[in-house]
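Structure, as structure tokens:
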Amino acid sequence: MDLAVVVLIQVLYAVAGLVIVSAGLAVIFGMMKVINLAHGEFMMLGAYATLGAHQLGLNLWLAMLVVAPLAVGAVGVLLERLVVRRLYGRMVDTMLATWGLSLLLVGIVTSVMGNTTAGVSAPLGSFAVGAYSVSGYTLVIIAVAVVLALTIRWVLLRTPWGLIARGTMQKPEMANALGIHPGRVYATTFAVGAALSGLAGGLLAPLTGVVPTMGGAFVAKAFITVIGGGPAILAGLVGASSLFGAINQLATFLTTPVLGEVALLLAAIVMLRLLPQGITGRFFKGSL
Amino acid sequence: MNRFAQSWHSAALSLAVGAVLLFALPGLLDEYTLLQVTIYAVMSILAVSLAFIWGFGGILCFGQAAFFGLGAYTYALAVMNLGDSTLPFLMAIALPALFAALLGYVIFYGRLSDVYMGVITLTVTLILFNLVNSTAGPEWRIGDAPLGGFNGIPGIPTLNVPGRPDELLSPGALFTLTGVCLLVVYGLLRWLIASKIGRVIVAAKENEQRVLLLGYDARAYKLFCFTVGGAIAGLAGCLFANWGAFTSPTVFGLAQSAQIIIWVIVGGLGTLVGPVVGCVLIQWLTTHIGTQQTFNANLVLGAILLGFVLMVPRGLLPSLGDLVDAGLRRWRQRSPRAAAATPATAEETAA
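Here is the structure:
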């Protein structure tokens, strides 16, 4: 019984981790059809922002939940203006340019911070479930993922900004005729996506250790989660995260973490062969 | 497209330059430099493999390093078990080709679009990297050869004269072999591109639907193109394992895949020689960056990739070709007698 609870928590945690890691990419790719291969590096910047702010004496929660998204959002504004804006509509070129960007960011951070692992310790300690103990931070990750998904849904469906953003992505000319500046909407969306990536980096900083190359571990996972999710941003994100997260965690539980990762990636390939349009290309059509 | 680049003159010119280098370099360079040049040639074969499938097949493969790594590991494991290097050499080409055929079947017959193609090839590379990286323990072995995990496989027996396992190739002979491989691969690819199959492959890149309507099975042609690319990358991997007598999981790494793409982008998409030039330039640059401390290699590579995508999207060689074309045209316009004498020139100016 205790074991079942612990495994359930771990599975939820894996799912939540994927939701958090992929949310920023889901917004940028799902809304703007821009494949941001520098996503992992945005997370890395978020982690460094958290680390820096915490070392300057700021409360860890503030550093993670406020400083990291703001800092990376600002970087996102800058990069959208300098690079991404020139390549809208050219999917492959955007992919290549953002890959260049990711190498560039790794290079810059390595030059400035050195190629060493820094870390923040996870807050909240742990609590006992029968004979097992579970880290309290695990529950924080699960809670943040739920709040994040609900917030994205609320913003997109219930606020004027969400309406404007969705409308602009569907028909930029029409939005423009109605007095909305599409360029500004694109820039804002990209910045929001970047901020979400920064938040993910901040949240994961206590779990993974902060190195310039840490982004590489996440970009592929985030990428396949978003692609596997298909056209509906939120339903796809949650659906694909649940599927891949559960497979990853169960395989890890039964074998080793490495094979867990392999199982996740294999599942993604098999799924894309069966559902080339992603999960929401077949199920939950028309949802958000 | 440059007229010259498509004509057989350019193929002959490239082959001639390559042959001259092949004969002249061993006499001109000391052994250490020759070894450096050998790795440039090995990587050039890898660059050509992606140049073919991306530039002519329109298949953007983020995981060309997977086939490269498979080639290296296949050769290493096979030669450590078999002793004689002839069969391992062939296996290192055949196995990656087979793997590419399987992967290509999933991708092309599933009618996955470009983006998904990128994701799947990237994912497969990561799987291989993760798997091989985790095989460090002594229980992971194939026959007599331990897989080595993140430590890699050291002391790989290098190629020998076919049938005589004791007569290993000297570094000079390895250079000649690599150079010959590069030239043969280049020549065969130029021939393939000019053949009917090659024309269908290029046509499928330009407009897949029209090719389908004309009665060609575009999937099969793409699959063939992808498989050939995998075989060539496997050959490069095999030569790489011979070059250093060493291979490690980094051959499967994302950095390796990124490099190949950068070579092609810098040299010029849609040509075969361009990526070779790009490869040599970038390799030379990264070797030199490694010797100084100011700039990080990632930083420079990232900046180059970004700069080329934004400012020179066609790459060095085609852009250079355009400049030469424009120069020639201006020169011909200035001398009306030449223009009148050759009607073809007038056509060219109009086009």
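Sequence order for the protein chains is A and B.
What the first sequence shows, in the working numbering, is residues 1 to 288, in sequence order.
What the second sequence shows, in the working numbering, is residues 1 to 351, in sequence order.
We treat Cβ as the ideally placed atom computed from N, Cα and C, and that holds for glycine.
As the structure is a computational prediction, the values presented were derived from the model and not from experiment.
Extent of the continuous alpha helix (DSSP H) run through residue i
| i | result |
| --- | --- |
| A291 of chain A | Outside the shown range of chain A, which is 1 to 288, sits residue 291 of chain A, and nothing can be said about it. |
| Y73 of chain B | Q64 to L82 |
| V48 of chain B | E31 to G55 |
| F42 of chain A | H39 to Q55 |
| L188 of chain B | P171 to A194 |
| T188 of chain A | P182 to T208 |
| R166 of chain A | P160 to Q170 |
| P318 of chain B | L316 to R334 |
| N298 of chain B | A297 to M311 |
Closer than 8 Å to chain A by CB, residue i
| i | result |
| --- | --- |
| L50 of chain B | no |
| N207 of chain B | no |
| A12 of chain B | no |
| A346 of chain B | The pLDDT assigned to A346 of chain B is 43, lower than 50, so where the model puts this residue is not dependable; a value taken from the coordinates is nonetheless given after this. It does not: the Cβ of A346 of chain B has no partner Cβ on chain A nearer than 8 Å. |
| T342 of chain B | Below a pLDDT of 50, predicted positions are generally treated as unreliable, and T342 of chain B, at 49, falls in that range; the measurement from the model is reported next regardless. With 8 Å as the cut-off, T342 of chain B does not count as an interface residue toward chain A. |
| I59 of chain B | no |
| G47 of chain B | With the sequence shown as reference, residue 47 of chain B is identified as Ala, and Gly is not the correct amino acid for it. Not an interface residue. |
| S7 of chain B | no |
| V296 of chain B | According to the sequence provided, residue 296 of chain B is Asn. The question's Val does not apply to it. Chain A, which has a Cβ nearer than 8 Å to the Cβ of N296 of chain B, makes this yes. |
| L223 of chain B | no |
| I260 of chain B | no |
| Y116 of chain B | yes |
| N160 of chain B | no |
| N81 of chain B | no |
| V180 of chain B | no |
| P249 of chain B | no |
Minimum Cβ-Cβ distance from residue i to chain B less than 8 Å
| i | result |
| --- | --- |
| I233 of chain A | no |
| A251 of chain A | no |
| I224 of chain A | yes |
| V75 of chain A | no |
| A14 of chain A | no |
| T110 of chain A | yes |
| P276 of chain A | yes |
| M113 of chain A | no |
| G107 of chain A | yes |
| L25 of chain A | no |
| L51 of chain A | no |
| I227 of chain A | yes |
| R289 of chain A | The structure shown does not extend to residue 289 of chain A, since chain A is modelled only from 1 through 288, so no value can be given for it. |
| E80 of chain A | no |
Euclidean distance between Cα positions of residue i and residue j
| i | j | result |
| --- | --- | --- |
| V129 of chain A | V6 of chain A | 7 Å |
| G104 of chain B | M271 of chain A | 16 Å |
| E139 of chain B | T151 of chain A | 49 Å |
| M95 of chain A | I269 of chain A | 20 Å |
| P343 of chain B | D322 of chain B | Confidence is the limiting factor: at P343 of chain B the pLDDT is only 49, short of 50, which leaves the residue's position unreliable and the question unanswerable from this model. |
| G118 of chain B | V280 of chain B | 25 Å |
| G167 of chain A | A23 of chain A | 20 Å |
| L12 of chain A | T252 of chain A | 14 Å |
| P212 of chain A | L214 of chain B | 51 Å |
| A200 of chain A | G114 of chain A | 22 Å |
| L159 of chain B | T86 of chain B | 8 Å |
| P313 of chain B | V185 of chain B | 26 Å |
| V37 of chain B | W284 of chain B | 10 Å |
| S133 of chain A | A246 of chain A | 20 Å |
| I232 of chain B | G179 of chain B | 14 Å |
| G162 of chain A | V155 of chain A | 5 Å |
| V17 of chain B | V273 of chain B | 11 Å |
| T287 of chain B | M80 of chain B | 30 Å |
| A173 of chain B | N151 of chain B | 28 Å |
| L78 of chain A | A187 of chain A | 9 Å |
Below-8 Å beta-carbon distance, residue i vs any chain C residue
| i | result |
| --- | --- |
| V258 of chain A | No chain C is part of this structure, whose protein chains are labelled A and B. |
Range covered by the beta strand (DSSP E) that runs through residue i
| i | result |
| --- | --- |
| Y88 of chain A | That residue, Y88 of chain A, is in no beta strand (DSSP E); it is neither H nor E in DSSP. |
| A128 of chain A | S126 to V129 |
| V134 of chain A | Y132 to S135 |
beta-carbon residue i near the ligand NAD non-hydrogen atom, thresh 7 Å
| i | result |
| --- | --- |
| G63 of chain B | Among the components modelled here there is no ligand, and therefore nothing to report on the ligand NAD. |
Stretch-stretch touch, CB-based, cutoff 8 Å, three pairs: the segment 190–209 of chain A with the segment 116–126 of chain A: yes
Inter-stretch contact (C-beta, 8 Å, three-pair minimum) for the segment 249–262 of chain A and the segment 22–31 of chain B: no
Touch test, the segment 298–312 of chain B against the segment 41–49 of chain B, Cβ-Cβ under 8 Å, three pairs minimum: no
At least 3 beta-carbon pairs within less than 8 Å: the segment 60–67 of chain B vs the segment 190–202 of chain B: no
Segments assigned alpha helix (DSSP H), at least 4 residues, entirely inside the segment 214–239 of chain B: none
Stretch pair the segment 234–254 of chain B + the segment 153–168 of chain B: three plus CB contacts closer than 8 Å: yes
Uninterrupted beta strand (DSSP E) stretches inside the segment 77–164 of chain B (no shorter than 3 residues): none
Alpha helix (DSSP H) segments (min. 4 residues) lying fully within the segment 236–286 of chain A: 257–274 and 279–282
The segment 41–50 of chain A contacting the segment 170–189 of chain A, beta-carbon criterion three pairs below 8 Å: no
Contact the segment 90–106 of chain B vs the segment 63–81 of chain B: 3+ CB pairs below 8 Å: yes
Stretch pair the segment 246–266 of chain B + the segment 122–133 of chain B: three plus CB contacts closer than 8 Å: yes
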